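One structure is given below, encoded as structure tokens.
Protein chains: 2
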Amino acid sequence: MNDIFWFVPITSIIALMFALYFFKQMMKTSEGNDRMIAIASHVRKGAMAYLKQQYKVVGIFFVIMTAVFSVMAYVLNLQNPWVPFAFLTGGFFSGLAGFFGMKTATYASARTTNAAISSLNGALRIAFRSGAVMGLVVVGLGLLDISIWFVALNYFYPVELGDGHNLVIITTTMLTFGMGASAQALFARVGGGIYTKAADVGGDLVGKVEAGIPEDDPRNPATIADNVGDNVGDVAGMGADLYESYCGSILATSALGAAAFLGETDMQLKAVIAPMLIAAMGIILSIIGIFFVKTKEGATQKDLLHSLSRGINISSILIIIFSLAILLVLDISNPYGIWGSIVVGLVTGIIIGKATEYYTSATYKPTQIIAESTGTGPATVIISGLGTGMISTAIPVIAVVVGIVLAFLFASGFDFTQMGLGLYGIGIAAVGMLSTLGITLATDAYGPIADNAGGNAEMSGLGTEVRKRTDALDSLGNTTAATGKGFAIGSAALTALALLASYIEELKIGLLRIGEDVLVFASGLKIDTASATLVDFMNYYEVNLMNPKVLIGMFIGSMMSFLFCGLTMNAVGRAAGKMVDEVRRQFRAIPGIMEGKSEPDYARCVEISTIGAQREMLIPASLAILVPIAVGLLFGVPAVIGLMVGALVAGFVLAVFMANSGGAWDNAKKYIEEGHLGGKGSRAHKAAIIGDTVGDPFKDTSGPSLNILIKLMSMVSIVMAGLTVAFSVL
Amino acid sequence: MNDIFWFVPITSIIALMFALYFFKQMMKTSEGNDRMIAIASHVRKGAMAYLKQQYKVVGIFFVIMTAVFSVMAYVLNLQNPWVPFAFLTGGFFSGLAGFFGMKTATYASARTTNAAISSLNGALRIAFRSGAVMGLVVVGLGLLDISIWFVALNYFYPVELGDGHNLVIITTTMLTFGMGASAQALFARVGGGIYTKAADVGGDLVGKVEAGIPEDDPRNPATIADNVGDNVGDVAGMGADLYESYCGSILATSALGAAAFLGETDMQLKAVIAPMLIAAMGIILSIIGIFFVKTKEGATQKDLLHSLSRGINISSILIIIFSLAILLVLDISNPYGIWGSIVVGLVTGIIIGKATEYYTSATYKPTQIIAESTGTGPATVIISGLGTGMISTAIPVIAVVVGIVLAFLFASGFDFTQMGLGLYGIGIAAVGMLSTLGITLATDAYGPIADNAGGNAEMSGLGTEVRKRTDALDSLGNTTAATGKGFAIGSAALTALALLASYIEELKIGLLRIGEDVLVFASGLKIDTASATLVDFMNYYEVNLMNPKVLIGMFIGSMMSFLFCGLTMNAVGRAAGKMVDEVRRQFRAIPGIMEGKSEPDYARCVEISTIGAQREMLIPASLAILVPIAVGLLFGVPAVIGLMVGALVAGFVLAVFMANSGGAWDNAKKYIEEGHLGGKGSRAHKAAIIGDTVGDPFKDTSGPSLNILIKLMSMVSIVMAGLTVAFSVL
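Those sequence lines, one after another, are chains G and P.
Just so you know, we're using the working numbering here: the first sequence kicks off at 2 and counts up by one.
Just so you know, we're using the working numbering here: the second sequence kicks off at 2 and counts up by one.
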């Protein structure tokens, strides 16, 4: 093993230590008065109750899947013996990250509120560094898990196996640990998404619309559930989503590196550890960036945004410099080309983020036009929000398309026939985009903390000055959340592309495992399976666009994206309906509730959201796992690849559309609330609220769930590759 | 030439003669009193004014494109000399069909109203047979154009060219005439779609919502424009759309037949004319079916639906029988297999239609649930409508997927490696689905006639009994319209698949034309271009799913579907906004308008819709034509094929989603208007109206426009194939 590799586990430990440090710093501050503590405790208990329930369901799922993988590994001999364990650790570490992140967030919100009583900068600092705990735990645990497996598997499959085949086996085995992370993300993101919007939409429909009480009003029984939802969906859900992208992109790129440099033992190892090293360097630079986030008293919204941007920008610029240094120190071949791919990944992420900002921020035309369409009522608000969201897909797609081409060309030395190297370039672009996840995720997780802090201030009846400060932080969080969503889907797309390419490697291992050592083509041509190239596999399986199996796979993949969204949209509708019934019931049944004399039954609403989320995700979750298996068993490899690509190209565009429509409606409403077009309570405002409510499941449930669907279907295909080659019918 | 071929031109003449007969029969009936005649004349003038304006724009477009094709054919020698002419006739005949269809529809509406004064059956008969004029003109002119070209080209490229290459040249040349039909359809469907919804949405927002006057009220200045819109969008637009699918599927299948049976001269000719013969037989059987459509007095809605279904069912059952007879008489090889593919196509169409009915009719659960979601306001109506629409994509996609597999397997003798034969099977399945277009299009075109008849009754102040009869016919039209939309998109998908496969044939011709007679593979393998198979081309161009060019093509294709929808959605929003301003202005400026004492300025509203539609379609139309050319020139063949497939798999699902959401909202509103959940004027009704308004551009503009986008991008790629192989950069 190369000595420089040890940089990876060491930085992962450093990340975890800084997370612990930030957590302890935060815990030292005061949580405020009794009322604030009580509210925070309600939210914390609700969040933990949800997490407990979710982990219970996840636990059952993991037991079943581990049994399935064990049968495949030990009975059918279709997978290597490490897969069930890799799967388990992937899920376990992702769950752990979610647990730590959410715990921190729920401890931080009241403390942020309390700090806001005296200082804006103090509040920003607590909220942001608590968000950074989530960011650092995700990258720290992710890299730690990767390091442990890499060391362990190198021990069992030493280089002496010859020709670098040991690294192929090691990397493809590690890839399956992404399946654990994927499954965990499914439950966290989809379940969390349904939870948070059921509480939000349900609470708003009765509270804001029917009873006319403001958001976060303590008289609304769904308020606590709503605040819990922010943590469940936007902290734990987002974290698990990006944990998966982070690990998935690193692991897939390593697998592509092992394949691309097969036979060049020295260079192969370098290509395998390069993505890990880039990620490790990103951790260090993220931590540096985190320390640059601070603001002055009386900062404007622009100043605040600038503070966050400064941290991210510093990390991004440094990673551009230091990643080249790493590649040069590593002495990898074509270092400048690979470095070009990394930069392409970073820039693609930035462009998607900026495009998201343009289409969803009320400082720009598109959202203002949506706000103006309130003049002709809610129907035109919906039409123009949907239209704008669809149009907004153009720039992100063009960014990804240009990113794919450039990343491929840079890494392949501008040679389209060097497919292995080119795909490695696409993988490492994804790693580049995600390398500074430590700090970008911090800005995401910061959002719900600030949001909850505002809720706490409202419910605790603190002064307007405090509320103004928390509102400023919250509003900042909305901007970062929209950008974060663009980033999450962009990285999911690149990760899915890398997974797609590495699927072929899994296929190869699967074929060798069942003894198919030679690929015999229809033309009579014979190629050794072990040395077959990607193009050989494409030709062997006829994975071309005239093959009806490929076409039907793509139709099904595209349809799955829509079906998954439809199911989650309706799930939110149903769960929100139950919440509406409960809030109405409490308003009727609990005397004095509207006068603020008696406390509503918050816990019941938390329970409804929890149960609703778990029940409603059953069908979409099962579909996401079973459809790739069924397609593989029925129609074989070409259909599976078609499925992955179909889901990717349709799902990516659909996800961007939904996230941006939702974000734009949200900010159009806020724009009116700021006093434009009649301000709060006007006819325009009422129309905008309807747009915002439709946008809630768009941007926080269905849209983000597509990231998971795209990656999960790829992961399922990867772990089931052995099954597909052994048993497919057609 | 085979004698049996002459059956094709003869039936096309028969179709046109029956169209003339139905038209004359209709014209003999009375148009009613002066008021009715005046209103009908307003609508007719508006419709013709629109058509004139549209043909002017189309004319300019055709002049430019003919010049481009002439340069390609005569200067660059990239196309054969017939292409510019084929392009022109395709566009001309499609335009002619639209002109006749709309003329008939606008003459028929008042006559239907007048007949409804005395008899339901009389009204149904006039409306339906006038719709049949459109149906028969479309299939008649389509087959006539095909026949003329086939005879003419056979004269210039006689069989003596040897080896059946003459038929390859003939069929690929004829395919380009589809480009003319495609371009005409673009203007008719997209322009018509924007027109009709600008008038409808704009008129409703001021009339129904603000002024509180009923639909079709003569006091609303936008009423005439709304009625014009029904003709423009649903008669001319739908007709041009299906004209294109009809011709496209026949021509593509012929081209696939010429390719699949290359070298077997006798069988090749049979395979080329088989789709034409099936279509011709379908015409005869459609005419028979048309005569079976009649009903008894006092018929219930169910009876009416049954009357229409009887006509379609009889035609469908007969075509199943007679198509086998034709194949046996033709003595084609594997007649039962090819017959199986035809039946598969028909059944796929029926399943898509039934699924559409299930998800959009208020007699079933999904639409009722949307109606019930009005209880929590417009936001939940929108959420549940979108969710249901997305879920509703599953069955049509599965139907198409199963259809693809079965059509392929039947025609290829259950051999996946027989790709040429299998793709011919998919093509002929599309022909099977469209074979009875004469009668299915009649039921589509019948809808707007009945709708206009109702409008005329309302505006003329006829009694409730008349209005009840026209309402019954109109309501029936809504059901057939929803089914018709499912049918249109289903046939567009299969046609696009056939076009996709025939693209390779165009490529081959293009390569031979620039003198690339031999394909030299990277491996050193050499294959004669003229005898290369589909799979050879796939391997040569590396059109596999790992090729980044293919992937970026697919991303762009998927994005184009969303972008196109977003642009047309916003176009409707803007054009409707202008209509709102104008109606408000007239309400203010024209004294006595609300008391019915003075007539509004209908013509001004017609003009606004006309100008708005033409202006707003400029950008989406240009994109649909320029993007495939740009992708081809930049990234070459693999990216173009990726583009077609990406647009197809994402666009098909998106189109089904939008059409079904829109249809379900429409019927949820009608369900409430029938007295459920509080009935007209209730809170639920108001919420449902908002859903319906959002659904208008969904189901009548953006959704159907996707059919055009999918086919048009394929057609552009086909006619530009020569340019792509000669000049692509990467």
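Glycine residues also receive a C-beta, built at the ideal position from the N, C-alpha and C atoms.
Source: prediction; values computed, not measured.
> To which residues of the same chain is Leu329 (chain P) closer than 8 Å at the C-beta, ignoring the five residues directly before and after it?
Replying inline: Pro336
> Between the region 576 to 587 of chain P and the region 681 to 692 of chain G, do at least 3 Cβ pairs fall closer than 8 Å?
Replying inline: no
> Between Gly290 (chain G) and Ala483 (chain G), what straight-line distance do the alpha-carbon atoms span, to the nearest angstrom?
Replying inline: 21 Å
> What span of residues does the alpha helix (DSSP H) with Leu1 (chain G) cover, start to end?
Replying inline: Since the first residue shown for chain G is 2 and the last is 731, residue 1 (chain G) is missing from the structure and cannot be characterised.
>> Assuming the contact rule is C-beta atoms closer than 8 Å, Gly558 (chain P) and Met618 (chain P) should be a hit. Round their C-beta distance to whole Å, please.
In response: 20 Å between Cβ atoms; not a contact.
> For chain P, is any of its Cβ atoms less than 8 Å away from the one on Glu1 (chain G)?
Replying inline: There is simply no residue 1 (chain G) to check, as chain G begins at 2 and stops at 731 in what is shown.
> Does the beta carbon of Ile528 (chain G) come closer than 8 Å to any beta carbon on chain P?
Replying inline: no
> From Lys104 (chain P) to Asn232 (chain P), what distance separates their C-alpha atoms?
Replying inline: 9 Å
>> As a quick exercise: from P:Ile642, P:Met420, P:Ile65 and P:Asn167, pick the residue whose alpha carbon is nearest that of Lys550 (chain G).
In response: P:Met420
>> Does the CB of Met716 (chain G) have a neighbour CB from chain P at under 8 Å?
In response: no
> Curious, which full-length beta strand (DSSP E) runs of at least 3 residues does the region 215 to 287 of chain P contain?
Replying inline: none
> Roughly how many angstroms lie between the CA atoms of Asp602 (chain P) and Ile118 (chain P), to the nearest whole one?
Replying inline: 29 Å
> Are any of the Cβ atoms in chain P nearer than 8 Å to that of Gly388 (chain G)?
Replying inline: yes
>> What would DSSP say about Val544 (chain G), mapped onto helix, strand or coil?
In response: coil
>> Quick check: the region 363 to 372 of chain G against the region 662 to 669 of chain G, are at least 3 beta-carbon pairs closer than 8 Å?
In response: yes
> Buried or exposed: Phe522 (chain G), going by 16 or more other Cβ atoms within 10 Å of its Cβ?
Replying inline: exposed
> Hey, is Gly578 (chain G)'s beta-carbon within less than 8 Å of any beta-carbon in chain P?
Replying inline: yes
> Could you give the C-beta distance for Ala722 (chain G) and Tyr504 (chain G), rounded to a whole number, given that I count them as a contact under 8 Å?
Replying inline: 6 Å
> If contact means a Cβ-Cβ distance below 9 Å, which residues of the region 658 to 678 of chain G contact chain P?
Replying inline: Phe658
>> Let me confirm a value: His307 (chain G) is counted as buried when at least 16 other C-beta atoms fall within 10 Å, else exposed. Which label applies?
In response: exposed
> Measuring CA to CA, which of G:Gly192, G:Glu265, G:Val207 and G:Leu278 is closest to Ala237 (chain G)?
Replying inline: G:Gly192
> Taking the Cβ atom as the reference point for each residue, do Met434 (chain P) and Leu495 (chain P) lie within a distance shorter than 8 Å?
Replying inline: yes
> Rounded to whole angstroms, how far is the Cβ of Tyr734 (chain P) from the Cβ of Gly102 (chain P), which I believe are closer than 8 Å?
Replying inline: This structure cannot speak to residue 734 (chain P), because chain P is shown only from 2 to 731.
>> Which of the three DSSP states is assigned to Ile528 (chain P) in this structure?
In response: strand
> First and last residue of the beta strand (DSSP E) that includes Val519 (chain G)?
Replying inline: Val519 to Val521
> Which of helix, strand or coil does DSSP assign to Pro159 (chain P)?
Replying inline: coil
>> Checking 8 Å against the spacing of the C-beta atoms, do Leu1 (chain P) and Ala656 (chain P) come in under that value?
In response: Absent from the model: residue 1 (chain P). The displayed extent of chain P is 2 to 731, so no value can be given.
> For Leu305 (chain P), which option in P:Phe129, P:Ala87 and P:Met27 has the closest C-alpha, if you only look at C-alpha atoms?
Replying inline: P:Phe129
> Tell me which same chain residues have a C-beta within less than 6 Å of the C-beta of Gly439 (chain G), skipping the five on either side of it?
Replying inline: Gly136, Leu137, Val140, Ile284 and Ser287
>> Tell me the rounded alpha-carbon separation between Ala1 (chain G) and Gly647 (chain G).
In response: The requested residue 1 (chain G) does not occur in the structure, where chain G is confined to residues 2 to 731.
> Under 8 Å between C-beta atoms, does Ile553 (chain P) make it to chain G?
Replying inline: yes
> Could you give the residue range of the alpha helix (DSSP H) that holds His307 (chain P)?
Replying inline: Gln302 to Leu331
>> I need the straight-line Cα distance from Thr177 (chain P) to Arg190 (chain P), nearest angstrom please.
In response: 20 Å
> Does Gly385 (chain P) come within less than 8 Å of chain G when only Cβ atoms are used?
Replying inline: Looking at the sequence itself, residue 385 (chain P) is Ser, so the reference to Gly does not match. It does; some Cβ of chain G falls within 8 Å.
> Touching or not, the region 406 to 416 of chain G and the region 505 to 518 of chain G, by the rule of three or more beta carbon pairs under 8 Å?
Replying inline: no
> Expressed to the nearest angstrom, what Euclidean distance is found between the alpha-carbon atoms of Gly554 (chain P) and Val544 (chain P)?
Replying inline: 11 Å
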